[in-house]
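Protein chains in written order, with my numbering: chain A, 14 to 154; chain B, 14 to 154.
Ideal Cβ placement from N, Cα and C applies to all residues, glycine included.
This one's a predicted model, so the numbers in the text were calculated from it and none came from an experiment.
I have placed the structure first, in the form of C-alpha cells, so that the comments after it can refer back to it.
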DNA sequence: AAGAACTTTAGAATGATTCGAAAAATGCAC
DNA sequence: GTGCATTTTTCGAATCATTCTAAAGTTCTT
C-alpha cells in the first residue's frame, strides 16, 4: 500500500472520530472516496460503484446508511435538484448550484458569487433553515 | 349541477382547447380541480385523491400522464424541492418558493420579491433555462 | 355511422430508497 | 487478550413514486 493511501486513510479516520462515528471499514473507505478528492457530488449508486471499483465490497444499504449518517454529522449536504434521486455534496459551505438536467451535471457556485437583494417576509412562526439556488442550464442552441 | 360548476367546466375546456389538448372527461376534471381555485401546488397522489373525492374516477396513470401533458403545454410547472416526489405548480409566472420539509408546505414567493445581485459565469456552451430559489424553513424554535 | 388517431386503464415493471432481522464487527471491561 | 453489550453491516424483502405495456375505450372527422 502506498504512503498516500495510508495518509488518506488516517485522515478519514480522524474525520470520523471527530464526527463521533466509529471508523468501521466501510465508513473509512467511503470517507476516503468522498473526502480525499476535493469537492464532489455523488448519488448513492455512484458512490457504491466507486467503492466497488476500489476493491471494497460495500452493500448498497450501507452506502445509504452512511450517506445519511455523514449528512447528519454535517460532513455532507444533500442537494435537491431532481425529484427522482438524491445527490450528496461534500461541500458544506454556503453555496449554490448549476444543474444540467439532461446530463446530470452538477456544479458548485461559490456562495459569494450570488446573493439575494432581500428576503421576503416569512410565514408565521418559521425561520429560514437555508436558501438553495439552482441555476438550471441547457445546451446552447 | 350548479351554474358555477358549469362555468368552471367551460373554462377548463377552453383552456384545454387553447393548449391543443383534447378535452377528455378526465382532463376536464383535472383542469377544473387545478385551475379554478387560485394558485396551487399538488403531487400526483394528491390530485388523484381530490378527483376521486369529487366523484370522478381517474386512474393514477392518467393523472401522471395529464400532469406531464399540462406541464408540456405550459399550464403547469414542476417544482423540485424534495428528492422523492414531484410537485406541480399552477403558477407558471416567474417566482420562487418557501418550503417546509417536515409538513410538505410549499408556498409561492412572488418573482419580484427576490432577485439576484449577479449571475456567475456559466459553464461552456450552456444557457440558463431557469433559476429556482427555494427558501427552506423550519418551525421557529 | 365508421375509421383513424388519440386516450385511458389496469396491472406489471422499474428505480430509488428503506426496512427487518440475522450475522458480523467494534469497543470496553476485566 | 477474552467476553459481552452495543453498534454496524448485510441480504433480501418491502415500499413508494413513477413509468410502461398492451388492450379497451373515446374522440374527431367525414
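Residues near residue i in its chain [Cβ-Cβ closer than 8 Å; skip 5 each side]
| i | result |
| --- | --- |
| residue 84/B | 90, 91 and 101 |
| residue 73/A | 57, 58 and 61 |
| residue 77/A | 57 |
| residue 49/B | 21, 24 and 25 |
| residue 69/A | 38, 39 and 42 |
| residue 105/A | 87, 88, 89 and 90 |
| residue 141/A | 132 and 135 |
| residue 14/B | Note that residue 14/B scores 47 on pLDDT, short of 50, meaning its location in the model is unreliable and no value can be drawn from it. |
Contact with chain B by residue i, beta-carbon distance below 8 Å
| i | result |
| --- | --- |
| residue 141/A | yes |
| residue 90/A | no |
| residue 76/A | no |
| residue 145/A | yes |
| residue 107/A | no |
| residue 138/A | yes |
| residue 130/A | yes |
Neighbourhood of residue i by C-beta, 6 Å cutoff - its chain only, sequence neighbours within 5 removed
| i | result |
| --- | --- |
| residue 54/A | 100, 102 and 119 |
| residue 47/A | 103 |
| residue 75/B | 39 |
Unbroken alpha helix (DSSP H) run spanning residue i, endpoints
| i | result |
| --- | --- |
| residue 38/A | 38-48 |
| residue 139/A | Here residue 139/A belongs to no alpha helix (DSSP H); instead the beta strand (DSSP E) covers 139-152. |
| residue 91/B | Not the alpha helix (DSSP H): residue 91/B falls in the beta strand (DSSP E), residues 90-92. |
| residue 63/B | 57-66 |
Residue i at chain A interface by Cβ criterion, 8 Å
| i | result |
| --- | --- |
| residue 95/B | yes |
| residue 157/B | As shown, chain B starts at 14 and ends at 154. That puts residue 157/B outside it, with no answer to give. |
| residue 155/B | In the structure as shown, chain B begins at 14 and stops at 154. Residue 155/B is therefore absent and cannot be evaluated. |
| residue 14/B | Because the pLDDT of residue 14/B is 47, which lies under 50, any placement of that residue in the model is unreliable, and the number read from its coordinates should be weighed accordingly. Answer no: the Cβ-Cβ gap between residue 14/B and chain A never drops below 8 Å. |
| residue 126/B | yes |
| residue 53/B | no |
| residue 115/B | no |
| residue 48/B | no |
Cβ separation of residue i and residue j, assumed to be a contact under 8 Å, to the nearest whole Å
| i | j | result |
| --- | --- | --- |
| residue 149/B | residue 143/A | 5 Å |
| residue 96/B | residue 95/A | 6 Å |
Spatial neighbours of residue i in its chain, beta-carbon cut-off 7 Å, leaving aside the 5 residues before and after
| i | result |
| --- | --- |
| residue 111/A | 120, 122, 148 and 150 |
| residue 108/A | 121, 122, 123 and 124 |
| residue 16/A | Note on residue 16/A: pLDDT 49, under 50, position unreliable in the model; the coordinate value appears next. Closer than 7 Å at the Cβ level, and outside the excluded window around residue 16/A, lies no residue. |
First through last residue of the beta strand (DSSP E) which encompasses residue i
| i | result |
| --- | --- |
| residue 74/B | Looking at the DSSP string, residue 74/B is not in any beta strand (DSSP E); the run it does join, the alpha helix (DSSP H), is 73-85. |
| residue 102/B | 100-102 |
| residue 122/B | 118-123 |
beta-carbon residue i near the ligand COA non-hydrogen atom, thresh 7 Å
| i | result |
| --- | --- |
| residue 137/B | Annotation note on the ligand COA: not contained in the displayed structure, which lists no ligands. |
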